[in-house]
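Residue numbers (UniProt numbering): 1 to 175.
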């Protein structure tokens, strides 16, 4: 009789409590596992992995002066809904419960009922775009803070220089 249908393994003579461990060891080694002596040796040797840095090395720090993105229509709705939900359920401290209730309420609203929130979100988006234009102009005026430029920006600069020099191929295509 084969153990778990593996050819060449026999269970004859492997009866009793001590032999069960031996049988499991045979099954384990036949599946490509380590033998009992190999397992003991690996327990003695401890390999430590090097500690990973907590911050990502390539990620740039956020600019605190950059305008925050505007909320969507749902989040404009959530601002109002939180206040009413707190009044109705003063003992409820769960953020998840408020979120679930707001999601269900938002889904049940018709397009006409959602319209005031959508219009408020569009106004905030327009304000955000104005602030971002001013912010971007300010950033361009200040110039790059870092002496080194990213690989992408370097390639873009090099592409622009190539276009200014002009190659004969591009002029031929235009004619």
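For glycine and all other residues, C-beta sits at the position ideal for the given N, C-alpha and C. In this text, all values refer to a predicted model and were calculated from it rather than measured experimentally.
Each of 138, 75, 135 was checked against the Cα of residue 117, and the nearest Cα belongs to 75.
Remark: C-beta atoms of residue 128 and residue 70 approach each other more closely than 8 Å. With contacts defined as CB atoms closer than 8 Å, residue 85 and residue 101 qualify as a contacting pair. Going by DSSP, residue 133 is part of the alpha helix (DSSP H) stretching over 111-142.
Judged by DSSP in its simplified three-state form, residue 72 adopts coil rather than helix or strand.
The alpha-carbon separation between residue 106 and residue 61 amounts to approximately 35 Å.
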